[in-house]
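In what follows, a single structure is set out as structure tokens and then discussed.
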Amino acid sequence: MANLDSTFAALADPTRRAILARLALGEATVMELVEPFELTQPAISRHLKVLEGAGLILRRVEGTKRPCRLAPAAVAEIDQWLAMLREALAKNYNRLDDVLATMQSEKGSP
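In this note's numbering, each number is its position in the sequence shown, counted from 1, plus 11.
Put into structure tokens, the structure is as follows:
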């Protein structure tokens, strides 16, 4: 989880999140990723470089093309970190439920 700072910094940009959403549908080239945006190819390439540096995407060379895809390990790392937060929240809600149940039972007792 050492890479989470760069991961969340990369995810802070809405264009990069949109690129990741597109890549969730499958592999794409830079030119395919440019299509839905009002950005130039070099601008999208800079976004891809940030995503690649954060470990969120992988690229491979296929002739003159460099298709991109999501990096499963990075997504799993984010999910693991979020699972830790979900678990902590669940514990807090369970304690609150216990307190409320105690208060309710004390309120019903004479």
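Cβ atoms here follow ideal geometry from the backbone N, Cα and C, with glycine treated the same way.
- In the DSSP assignment, Arg-70 is bridged to Cys-79.
- Residue burial is scored here from C-beta neighbours: Leu-31 has at least 16 other C-beta atoms within 10 angstroms and is therefore classed as buried.
- A distance below 7 Å between beta-carbons, with the five flanking residues on each side excluded, links Ile-68 to the following residues of its chain, in chain order: Leu-34, Leu-59, Leu-62, Cys-79, Arg-80, Leu-81 and Ala-82.
- Around Glu-73, the same chain offers no residue with a beta carbon nearer than 6 Å, after the five sequence neighbours per side are excluded.
- In this chain, the alpha helix (DSSP H) harbouring Glu-43 covers 41-45.
- In the three-state reduction of the DSSP assignment, Glu-38 falls in the coil class, being assigned neither a helical nor a strand state.
- Ala-85 is the residue among Ala-85, Met-114, Ser-116 and Arg-97 whose C-alpha sits nearest the C-alpha of Ala-65.
- Around the beta carbon of Leu-44, 16 or more other beta carbons lie within 10 angstroms, which makes this residue buried.
- About 18 Å separates the CB atoms of Lys-76 and Thr-51; that is not less than 8 Å, and the two are not in contact.
- Within the same chain, Cβ atoms closer than 7 Å to the Cβ of Ala-21 are found at Arg-27, Val-61, Leu-62, Ala-65 and Leu-67, the five residues on either side in sequence being excluded.
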